[in-house]
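Worksheet: one structure, shown below.
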Ligand code: ADP
Ligand code: MG
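Residue numbers (the numbering used here): 414 to 698.
Listed below in structure tokens is the structure:
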């Protein structure tokens with residue numbers, strides 16, 4: 414709504430920047446972000462001067478090896494960690510604390526409240542945040558549960574559900590809040606391969622239906638290509654940006670096996686070869 418006033422004079426440059434926020438900038442702007450953990454004996458630098466921009470409707474993937482700071486970055490976007498250097502802005506506003514405009518989905522199957530039913534779990538943030546109450550919250554939850562194909566399990570308790578179903582509930586709970594950004598931290602990593610693929614497909618179908626913005630963390634190259642529209646490659650510890658690239662168009666990813674293999678190999682080389690870094694530096698100089 415706030416964008417309409419400033420929309421007229423903005424020239425579209427590749428992307429439609431006008432729809433993203435009051436400043437016509439990215440929805441999420443991560444600028445020079447260094448994140449550290451201070452333990453009693455150590456100072457752990459998890460990410461070093463990370464830059465990226467996420468635009469509305471992006472399926473933005475953070476890809477990198479275990480320990481490169483993906484979860485830490487996601488937590489910082491969520492407002493649970495403050496950068497020691499740099500800044501994270503959402504719609505132009507500096508992120509300083511968690512908020513219902515950023516909903517998280519984690520890898521763990523135990524992120525649901527075990528004593529609450531599926532419907533109660535999905536309603537919980539709606540009610541707790543004051544967004545909706547009573548029948549309105551129940552209706553919203555019911556719609557979200559239907560979207561993830563769990564309508565007949567609305568009154569079930571989490572322990573009666575499979576891992577995939579629990580993750581669907583977590584996704585429904587986050588989506589019901591209609592956040593500006595969905596933050597997903599390896600949400601399918603603990604699922605068996607077949608279920609994982611099915612969940613990836615379902616997430617993409619959900620995106621087709623609603624066009625949400627998601628920052629999706631994974632250490633799987635095929636998952637990054639399949640789920641992402643854009644992929645940020647992070648180096649091992651401490652996480653630094655190695656490259657950012659577009660994924661394959663959705664239908665191409667399914668049909669173009671050689672193209673898929675080529676992109677996988679390119680990403681692999683970018684992630685694991687230092688020579689590439691030198692090459693990038695040479696380009697800049
Ligand atoms: P990833 O999600 O990419 O596997 P993490 O963000 O979890 O990586 O961790 C990045 C680095 O920060 C790792 O070296 C990890 O050991 C360290 N780290 C993560 N959480 C903490 C913590 N609570 N205290 C100290 N160090 C941590
Ligand atoms: Mg992690």
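Positions of the beta carbon are idealized from the N, C-alpha and C atoms, including for glycine.
Rounded to the nearest angstrom, the Cβ distance from residue 567 to residue 555 is 7 angstroms, consistent with a contact under 8 angstroms. For the options 549, 529 and 607, the alpha carbon positioned closest to that of residue 570 is the one of 529.
Between residue 661 and residue 652, the C-beta spacing is not below 8 angstroms.
Residue pairing from DSSP places residue 517 in a beta bridge opposite 596. Just so you know, the alpha carbons of residue 536 and residue 586 end up roughly 7 angstroms apart. Cα atoms of residue 656 and residue 620: separation of roughly 25 angstroms, rounded to the nearest angstrom.
Every beta strand (DSSP E) of 3 residues or more that sits fully in the region 500–585 is shown, in chain order, as 515–518. Distance from the C-beta of residue 599 to the nearest heavy atom of ligand 2 is below 7 angstroms.
For residue 678, the enclosing alpha helix (DSSP H) covers residues 670–685. With a beta-carbon spacing of about 5 angstroms, residue 540 and residue 550 fall inside the 8 angstroms limit used to define contacts. With respect to the C-alpha of residue 632, the residue from 462, 471 and 478 having the closest C-alpha is 478. The three-state secondary structure of residue 615, taken from DSSP, is helix.
DSSP places residue 640 inside the alpha helix (DSSP H), whose first and last residues are 634–640. At least one heavy atom of ligand 1 falls within 7 angstroms of the beta-carbon of residue 450. Residue range 627–631 is occupied by the beta strand (DSSP E) that includes residue 631, with no alpha helix (DSSP H) assigned at that position. In this structure, residue 501 places its C-beta atom within 8 angstroms of the C-beta atom of residue 443.
Cβ neighbours of residue 604 within its own chain (closer than 6 angstroms, five residues either side excluded): 576 and 577. When the beta-carbon positions are compared, residue 503 and residue 563 stay at least 8 angstroms from each other. Pairing residue 548 with residue 589, the inter-Cα distance amounts to about 14 angstroms.
Residue pairing by DSSP places residue 473 opposite 628 and 643 in a beta bridge. Residue pairing by DSSP places residue 447 opposite 498 in a beta bridge.
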